[in-house]
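Residue 1015 is where the sequence shown starts when you use the working numbering, and the numbers rise one by one after that.
Ideal Cβ placement from N, Cα and C applies to all residues, glycine included.
Heads up, the thing below is written out as C-alpha cells.
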Amino acid sequence: MPSELLTNEDYCRVLNDIALLLELKGEKNSFKIRAYLRASKTLSRIHWKLAEATEEQVRAIEGVGESIAKKISKLTQTGHLRFYEELCKELPRDILTLLDIPGLGIRRIKVLYERLGVTSLTSLERMCREGKLITLPGFGKKTSRKLLQSLEDTRRNARKFLSVQALPLAIGLVEELKKLGEVSLATYAGSLRRGKDTVHDIDLVVAGKASSRILSFFLSHPWVESILAKGVTKCTVRLKGGMPCDLRVVTKEEYPFALAYFTGSKEHNVRSRSLALRHGWSLNEYGFTPLKKRIQKRVIPSVDNEADIYRALDLQFIPPELREDHGEFSAAAARSIPSLVEMKDLKGAFHCHTTDSDGCDSLTSMAEAGRRLGFQYLGISDHSKSLIRAHGLSESALMEQRKAILRLNASYKQFHLFSGTECDILRDGALDFSDEVLASLDYVIASVHTSFSLSAAAMTRRIIRALSNPYVTVLGHLTGRLLLRRSPYRVDIPAVIEAAASTGTWIELNANPNRLDMDYSWWPLAREKKVRCIINPDAHSARGIQDVSFGVCSARKGWLTVQDVANCLTPSAMETALRAKRGRLSQ
1015 MPSELLTNED
1025 YCRVLNDIAL
1035 LLELKGEKNS
1045 FKIRAYLRAS
1055 KTLSRIHWKL
1065 AEATEEQVRA
1075 IEGVGESIAK
1085 KISKLTQTGH
1095 LRFYEELCKE
1105 LPRDILTLLD
1115 IPGLGIRRIK
1125 VLYERLGVTS
1135 LTSLERMCRE
1145 GKLITLPGFG
1155 KKTSRKLLQS
1165 LEDTRRNARK
1175 FLSVQALPLA
1185 IGLVEELKKL
1195 GEVSLATYAG
1205 SLRRGKDTVH
1215 DIDLVVAGKA
1225 SSRILSFFLS
1235 HPWVESILAK
1245 GVTKCTVRLK
1255 GGMPCDLRVV
1265 TKEEYPFALA
1275 YFTGSKEHNV
1285 RSRSLALRHG
1295 WSLNEYGFTP
1305 LKKRIQKRVI
1315 PSVDNEADIY
1325 RALDLQFIPP
1335 ELREDHGEFS
1345 AAAARSIPSL
1355 VEMKDLKGAF
1365 HCHTTDSDGC
1375 DSLTSMAEAG
1385 RRLGFQYLGI
1395 SDHSKSLIRA
1405 HGLSESALME
1415 QRKAILRLNA
1425 SYKQFHLFSG
1435 TECDILRDGA
1445 LDFSDEVLAS
1455 LDYVIASVHT
1465 SFSLSAAAMT
1475 RRIIRALSNP
1485 YVTVLGHLTG
1495 RLLLRRSPYR
1505 VDIPAVIEAA
1515 ASTGTWIELN
1525 ANPNRLDMDY
1535 SWWPLAREKK
1545 VRCIINPDAH
1555 SARGIQDVSF
1565 GVCSARKGWL
1575 TVQDVANCLT
1585 PSAMETALRA
1595 KRGRLSQ
C-alpha cells in the first residue's frame, strides 16, 4: 500500500500481526512479542499522522524501540515491510483474519491453532458448531456462542467499509482528477455523499472532455490495485487496501443528472423518476427526455445543477443526506424541509478525554485544540472510577482536575472549559459517583461500558434509572455499538427517548466515526419528542475533537437543525441550559 494511504490503524495492525505470527511460530523471546504489542498500543493513542513522521520522531515515542521504529520507517518509505511479508508466507494465509473477531486475542488464537488446527474463519466456525472449543482451557459454551455471533457479524459486514476510511480516499482522488485540464467538475457521490456511516464502495462523477484520457489517468493512478471493469466512459477498480471504486465520466450538461443519480439512494431515484413521468418526462443519469406518447408535452427546463432538477419536479431542494425515501418527498413538496445543522453552527463540544484517564493529550492541549477549531467552549469528561481499564478517575482526582479547569478558565477571555465526567452506569442503573460528587460538576455524561449481555428489558430499566438522576445531563453512546465490530446491545430505544423527554436529558450523537451512536434513523423520533441532541467527539486526542464533523453529517441525516442541537448554544446559553434539568427536578 502506498504510504500516503497508510493510516495509524494500518501501522498498528501490522505490529499486532507480527506479534501474532511470532507467537504462532514459537518465538522464545516473549519480550520481543510484548514489544510489538506495546508499540501497537502506544501508536494507537497518538494523534498525529505516522505516515508523515521521520524515523527519529517515531523513535522518540516512549514505548517504541529502535528496531520497531526502523520497520515503521521502512513501511512509510516503501509501503512494504519484508520482515512482515516473510512471516506471512511461513504460516497459513488466512490466520490473521482471526484477529478481526472480538474476543480472540493472540493467546487464544495460538491455542486454537495448536490444539484444533484452526487457521481461518471457516475452520473456527466449524469447530464452534462441532462443540470442539469447550474441550479447550479458557473456552466454554458461552465463549463458543459469542464467537459464533461474532463470526455472523463479521460475515454480515464483509465488503463494508467505514465512511472515515472511504472519505480521505474519495477526497484525494477527486483532487487528483481536478488537476487534469480535461476535467471541469468532479466530486464523490453514492452513500458516502449521503452521509451513511458505512459504505460498500466509492462513486466518483466527473464532467470532462476526452473521457479516454481521464480514464487512462485514473487507471494508472498509484492508489489503484487492480482493474475490475473498463468501458468507454466508466470503469471500476479496486484500490490498494481493498475498497472498490467506480468512476463515471459525463458531459458538463449531464453532470447534474449523473451526480443526482449516482448519489442515490435507489429508492429515492425511483420516486424521482415516478414524479418525472407525471410531468411527461423520463429521467435518468443523462437528463430529462420527453415521453413519446404524451400529447401535451411540457417544456424541458434548463438544468445547471441538482437544485434545478428538483425545481423542475416542483420540489424544494433535497439535501443529499436526506435522500433515502424516508419522507423527504412529501416535505419537499410542502416546502417544509428544515435548514439542517452545519459544522459552522457548533459553538463547542463535550465528551473529551485527557491523559488523566485514557486520553493521549493533556487538559491544556485539548483546550488549545478546541480553541484552534474556533470553538467557544469545550467539555472535559474523563472516565469514572469503576472503569479501571480506562484509568477512571477517583473522586479526589476528579476534584483536582476541576481545580485545574478553574485555573485555566481564569486565563481565558473568550473560551470556557466545562468540568464534567463520563460516569459509568452500573449494572443496576446506579451511577459510579455519588450525587454529592456529581453536583460539584458542570455536567455529567452517563454511559454504559459493561454488562452488555443484559436482556432488552433489563438494559432499558438500567438506562432509564440513570436518566432519572437529576445530575445526569447527557446519555452517552446509547447503544454501545462499534460499527462493523460490535453489534448494539439490546435496548428499547423509543422507551429511552421517552425517558429522556420526561427528564430533560440530552441524548448524545457520539461523533466518533466508529460509533455514530445514536443512529441517524432515531433522531426524527427524538426531535418529535423534543429531546435535544448534543454532538460530541468522544475525543481521546486533540485531533479527535475534529470528529464532530462526522457527527454533523449524521445529524443532518437525522433531519436535525440548529434548534435541535445543544452545542449550537452560545456559552452563556449553555450555562443556563446545564442548570435547567437540575433546577426542574429539584422543584
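>> Let me make sure I understand the geometry here. Which of Glu1099, Arg1096, Thr1136 has the alpha-carbon closest to that of leucine 1112?
In response: Out of Glu1099, Arg1096, Thr1136, Thr1136 has the C-alpha closest to the C-alpha of leucine 1112.
> Are lysine 1146 and leucine 1038 touching if we call contact CB-CB under 8 Å?
Replying inline: Contact: no.
> With 16 as the cutoff for other CB atoms within 10 Å, does tyrosine 1426 come out buried or exposed?
Replying inline: Tyrosine 1426 counts as exposed, since fewer than 16 other beta carbons sit within 10 angstroms of its beta carbon.
> Using the rule of at least 16 other Cβ atoms within 10 Å of the residue's Cβ for burial, across every protein chain shown, is histidine 1554 buried or exposed?
Replying inline: So histidine 1554 counts as buried.
> Is cysteine 1374 helix, strand or coil by DSSP?
Replying inline: Reduced to three states, the DSSP call for cysteine 1374 is coil.
>> Tell me the residue span of the beta strand (DSSP E) that contains proline 1258.
In response: Note, proline 1258: beta strand (DSSP E), 1258-1264.
>> I'd like the span of the alpha helix (DSSP H) that includes leucine 1481, first residue to last.
In response: In the DSSP annotation of this structure, the continuous segment of the alpha helix (DSSP H) that includes leucine 1481 starts and ends at 1470-1481.
> If we call anything under 8 Å between Cβ atoms a contact, is phenylalanine 1364 one with valine 1488?
Replying inline: Contact: yes.
> Hey, how far is the Cα of aspartate 1114 from the Cα of serine 1164?
Replying inline: Straight across, the Cα-Cα distance linking aspartate 1114 with serine 1164 is about 9 Å.
>> If you measure between the beta carbons of arginine 1479 and leucine 1468, is that distance less than 8 Å?
In response: Going by C-beta atoms, arginine 1479 is not nearer than 8 Å to leucine 1468.
>> For a quick check, are the C-beta atoms of aspartate 1359 and threonine 1368 less than 8 Å apart?
In response: Taking 8 Å as the cut-off, the beta carbon of aspartate 1359 is found no closer than this to the beta carbon of threonine 1368.
> Distance, Cα to Cα, alanine 1509 vs glycine 1443?
Replying inline: When rounded, the distance between both Cα atoms is 15 Å.
>> With the cut-off set at 8 Å, would you say phenylalanine 1564 and valine 1188 are in Cβ contact?
In response: In this structure, valine 1188 does not lie closer than 8 Å to phenylalanine 1564 by Cβ.
> What residue does the alpha helix (DSSP H) around glutamate 1069 start on, and which one ends it?
Replying inline: For glutamate 1069, the uninterrupted alpha helix (DSSP H) run begins and ends at 1069-1073, by DSSP.
>> Three Cβ pairs or more, each shorter than 8 Å: is that satisfied between the region 1049-1056 and the region 1074-1088?
In response: Yes: at least three Cβ pairs fall under 8 Å.
> At a cut-off of 7 Å, is threonine 1378 close to the ligand ATP when judged by its beta-carbon and the heavy atoms of the ligand?
Replying inline: The ligand ATP is not part of the structure shown, which contains no ligands of any sort.
> How about alanine 1272 and valine 1219: do their beta carbons lie closer than 8 Å?
Replying inline: The Cβ atoms of alanine 1272 and valine 1219 lie closer than 8 Å to each other.
> Residue range of the alpha helix (DSSP H) that arginine 1159 falls in?
Replying inline: Per DSSP, arginine 1159 belongs to the alpha helix (DSSP H) from 1155-1170.
>> Give me, in chain order, the residues of the same chain whose beta-carbon lies closer than 8 Å to that of proline 1334; leave out the 5 immediate sequence neighbours on both sides.
In response: These residues qualify, in order along the chain: Arg1207, Arg1208, Gly1209, Thr1277.
> Helix, strand or coil: which one does DSSP assign to phenylalanine 1389?
Replying inline: Note: phenylalanine 1389 maps to coil in three-state DSSP.
>> Taking a contact to mean a Cβ-Cβ separation below 8 Å, would you say cysteine 1548 touches asparagine 1581 in this structure?
In response: This sequence places isoleucine at residue 1548; cysteine is not what is there. The Cβ atoms of isoleucine 1548 and asparagine 1581 lie closer than 8 Å to each other.
>> With H, G and I counted as helix, E and B as strand and the rest as coil, what does DSSP make of tyrosine 1300?
In response: Three-state DSSP puts tyrosine 1300 in coil, outside helix and strand.
> Is the number of C-beta pairs between the region 1579-1593 and the region 1384-1398 that are closer than 8 Å three or more?
Replying inline: These segments touch.
>> I'd like to know whether the C-beta atoms of leucine 1126 and leucine 1110 end up nearer to each other than 8 Å.
In response: No, these two residues do not count as a Cβ contact at 8 Å.
> Which whole-angstrom value describes the C-beta separation of proline 1116 and arginine 1500, a residue pair presumed to lie in contact below a C-beta threshold of 8 Å?
Replying inline: 6 Å between Cβ atoms; contact.
>> Please classify aspartate 1449 as buried or exposed, where buried requires at least 16 neighbouring CB atoms within 10 angstroms.
In response: Counting Cβ neighbours within 10 Å, aspartate 1449 comes out exposed, since fewer than 16 surround it.
>> Taking DSSP's pairing of strands, which residues face asparagine 1550 in a bridge?
In response: BP columns for asparagine 1550 point to Asn1524.
> Does the region 1061-1071 come close enough to the region 1018-1034 that 3 or more CB-CB pairs lie under 8 Å?
Replying inline: Contact holds between the region 1018-1034 and the region 1061-1071, because three or more Cβ pairs, one in each stretch, are under 8 Å apart.
> For glutamate 1196, does the three-state DSSP call read helix, strand or coil?
Replying inline: It is coil, neither helix nor strand.
> When the distance is taken between beta carbons, is alanine 1083 closer than 8 Å to glutamate 1069?
Replying inline: Cβ distance < 8 Å, so glutamate 1069 and alanine 1083 count as in contact.
> Rounded to a whole number of angstroms, what is the C-alpha to C-alpha distance between glutamate 1338 and serine 1535?
Replying inline: Cα to Cα, glutamate 1338 sits roughly 11 Å from serine 1535.
> Is it the case that the Cβ atoms of threonine 1201 and phenylalanine 1175 are separated by a distance below 8 Å?
Replying inline: Contact: no.
> Going by other Cβ atoms of all chains shown within 10 Å of its Cβ, with 16 needed for buried, is leucine 1445 buried or exposed?
Replying inline: Burial call: buried.
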